[in-house]
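Note sheet for the following structure.
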Amino acid sequence: MTASTVHIDQGEAIAAIATPVGAGALAVVRISGRGVFDIAQRVFRKAGDPDFLFSRSKGYRAHFGTMHDREGLIDEVIALVFRSPNSFTMEDSIEFSCHGGPVVVKHILQVLLDEGCRLAEPGEFTRRAFLNGRIDLLQAEAIGEMIHARTESAFRTAVTQMQGTLSARLDAMRERLLHSCALLELELDFSEEDVEFQSRTELEEELATLQDELRKLIDSYRHGRLLKEGVATVIAGKPNAGKSTLLNALLGEERAIVSHMPGTTRDYIEECFIHEKTMFRLTDTAGLREVDEEIEHEGVIRSYRKISQADLILYLVDISGEELSGDISRIRQFQEEYPEARMIVAANKIDLAADASEQIAMLRNAAGCEVCGISAAKGEGIEGLLHLMATMVEGLDKIHEASVLVTSLRHYEALRNASDALDNAKMLIESGEGTELIAFELRSSLDYVGEITGKVVNEEILNLIFDRFCIGK
Ligand code: GDP
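Residue numbers (my numbering): 6 to 478.
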């Protein structure tokens, strides 16, 4: 499909301010859709060219001139013209660069609205780019992620996604699934003749290869999420060890509830902060202990789920008097059950402990991992702990150029569903089930993969994605 042969059904003319609110050196107002050239013609005068017509402008062009409303001159602007399909939305579009004062920008937007544009919805330009085939859904989401990226690695990951590497992998996978599906469906058409267009062994091999591909992508989510959302850091420990106090100390703000009552952190609290260029996503879990009370019990289950997904576990021990054997066995249990997570033991309440250094040495010996002494309440040792955290996870947020990463929960879940459907298909083949059932599972796997790039369009998913964008994007 070459640009010159594409025909785009242009949507209603829309307009929006594309740059952030507030004063700046420059700002951009963009318009796109049916009739935008005529609309612009009525409010723009090109310098030194009274006969200028937007409708004659080719490909991409920049024109210097002035914008006017009924009262007169608004501002000097540069109009960047993009003739369909050579624009982001693939429709006729113009971007007006003007002076960045909020009043000027609003004036320009208003005159375009008065002349027939309507105000764009959040993400509407990107939605059109997707609907007109300029980008796929993954790339549209990557644009959103790039804008919201808070760290360099999150930004880089989004850029890679925008370039379409993951999309290409998924498209190739879809092609192969589609091929197997088509062969099965052909069998159904010839069902009376009892033919197999692809032997069951071949089909099983093909599905195993695809399953392998899917699993690699599913497994990459751990790293992908880390790059996008930060190092998943869970603060664990017994009730009253000082977890909420530590969370506050690390964040430097009062965010979690601190209380004397055991078990007040019923659920978990999540906050992000950046230290030494690494983003940490910090979770304070409910106290770990056996409880009967229902809400709290649910909290404990969630704590364990959070710990199982952690990249870094900060295990907090109260060394001010309590017996430590329970903590030690729990630390060992975590090390065994979650070998992928790194662990730091923070020996808390050193301000109360008479023999802090002995206790720390004992913990270090017993736990066989990094132990640092802190007082969460007094803020002692917090800088040291932060530095240790950054050192422990160094390199975790590196991007491996060659690897394709899944960074979004939506994609991860769709891949899991696609993989489950392939598992079902495999079981059906093994138990000698009929073609129809196998074909159904392959179709559903195909649909799940298609949902990711937007080959299978689901209005609800589109709304979820584009509503998160700002107006003008
Ligand atoms: P959580 O149940 O583990 O979240 O524990 P909290 O953060 O609610 O703390 C329990 C109690 O221990 C509160 O009264 C805190 O003020 C107190 N506490 C926490 N850290 C320290 C500390 O380093 N020194 C002292 N003296 N008290 C602390």
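Cβ atoms here follow ideal geometry from the backbone N, Cα and C, with glycine treated the same way.
Span of the beta strand (DSSP E) around residue i
i	result
Ser62	Taken as a continuous stretch (DSSP letters only), Ser62 belongs to no beta strand (DSSP E), as it is neither H nor E.
Cys122	That residue, Cys122, is in no beta strand (DSSP E); it is neither H nor E in DSSP.
Arg205	Taken as a continuous stretch (DSSP letters only), Arg205 belongs to no beta strand (DSSP E), being part of the alpha helix (DSSP H) at Arg205 to Glu234.
Met95	Met95 -> no beta strand (DSSP E), and no H or E assigned at all.
Ala366	Where Ala366 is concerned, there is no enclosing beta strand (DSSP E), although the alpha helix (DSSP H) it sits in stretches over Ala361 to Ala372.
Simplified DSSP assignment, three categories, for residue i
i	result
Lys51	strand
Thr170	helix
Ser408	coil
Phe474	coil
Cys377	strand
Met6	Its pLDDT being 40, under 50, Met6 is placed unreliably in this model, and the coordinates cannot settle the point.
Ile140	coil
Gly149	helix
Leu31	strand
Asp176	helix
Gly155	According to the sequence as given, residue 155 is Arg; it is not Gly. Coil at Arg155, not helix or strand.
Asn353	strand
Ser313	helix
Thr24	coil
Val461	coil
Ser516	Absent from the model: residue 516. The displayed extent of the chain is 6 to 478, so no value can be given.
Asp289	strand
Ile13	coil
Glu275	strand
Asp402	coil
Pro107	helix
Leu193	helix
Asn468	helix
Residues bridged to residue i (per DSSP)
i	result
Ser334	DSSP, once it has assigned bridges, lists no residue as partnering Ser334.
Gly38	Per DSSP, none; premise fails for Gly38.
Phe202	Beta-bridge pairing links Phe202 to no other residue.
His280	Thr283
Phe87	Tyr65 and Ser98
Asp80	Met72
Arg347	Leu317
Thr238	Leu287 and Leu317
Ile19	Ser37 and Arg123
Nearest-angstrom Cβ-Cβ length linking residue i and residue j, presumed shorter than 8 Å
i	j	result
Met72	Val82	5 Å
Val454	Met178	6 Å
Gln338	Met348	The Cβ separation is near 11 Å, so there is no contact.
Ser450	Ala423	5 Å
Leu182	Leu215	6 Å
Ile336	Ile355	With 8 Å as the limit, Ile336 and Ile355 do not qualify as a contact, their Cβ atoms being about 18 Å apart.
Ser158	Val411	Their Cβ separation, rounded to whole angstroms, is 15 Å, which puts Ser158 and Val411 out of contact at 8 Å.
Leu357	Cys377	Rounded, the Cβ-Cβ distance is 16 Å, inconsistent with contact.
Ile223	Tyr417	7 Å
Lys51	Phe57	4 Å
Val350	Leu329	Between Leu329 and Val350 the Cβ distance is about 10 Å, and since that is not below 8 Å, they are no contact.
Ser98	Ser37	4 Å
Where the alpha helix (DSSP H) through residue i begins and ends
i	result
Tyr320	That residue, Tyr320, is in no alpha helix (DSSP H); its beta strand (DSSP E) goes Leu317 to Asp323.
Phe130	Glu129 to Leu136
Thr458	Thr440 to Thr458
Val41	Val41 to Gln46
Met397	Ile387 to Met397
Ala5	Look at the range of the chain in this structure, 6 to 478, and you will see that residue 5 is not part of it.
Asn253	Lys248 to Leu256
Reference residue i, options the options, closest by Cα
i	options	result
Ala145	Phe471, Asp356 and Gln115	Phe471
His153	Glu446, Arg123 and Leu232	Leu232
Leu117	Val34, Pro127 and Ile223	Val34
Ile333	Lys243, Leu256 and Ala346	Lys243
Phe69	Ser60, Arg88, Ser92 and Glu100	Glu100
Leu124	Asn353, Gln166 and Ala18	Ala18
Arg220	Arg421, Ile476 and Glu201	Arg421
Val108	Phe93, Ser89, Ile79 and Ser102	Ile79
Arg205	Ser172, Thr458, Arg473 and Met432	Met432
Leu469	Ile44, Arg61, Leu142 and Ala45	Leu142
Phe285	Arg369, Lys478 and Thr396	Thr396
Val236	Leu390, Ile318 and Ser60	Ile318
Ile13	Gln115, Met151, Asn137 and Val350	Asn137
Leu256	Cys277, Thr238 and Ala246	Cys277
Arg415	Leu31, Gly459 and Leu442	Gly459
Pro344	Ala361, Tyr320, Val322 and Ser313	Ser313
Glu275	Gly64, Gly77 and Lys311	Lys311
Phe202	Leu191, Glu210, Glu211 and Glu209	Leu191
Leu390	Asn463, Ala254, Arg448 and Arg47	Ala254
Thr131	Glu435, Arg39 and Glu96	Glu96
Glu388	Asp323, Val461 and Leu251	Leu251
CB contact below 8 Å: residue i versus chain D
i	result
Gly378	Judged by its chain identifiers, the structure shown contains no chain D, having just a single protein chain.
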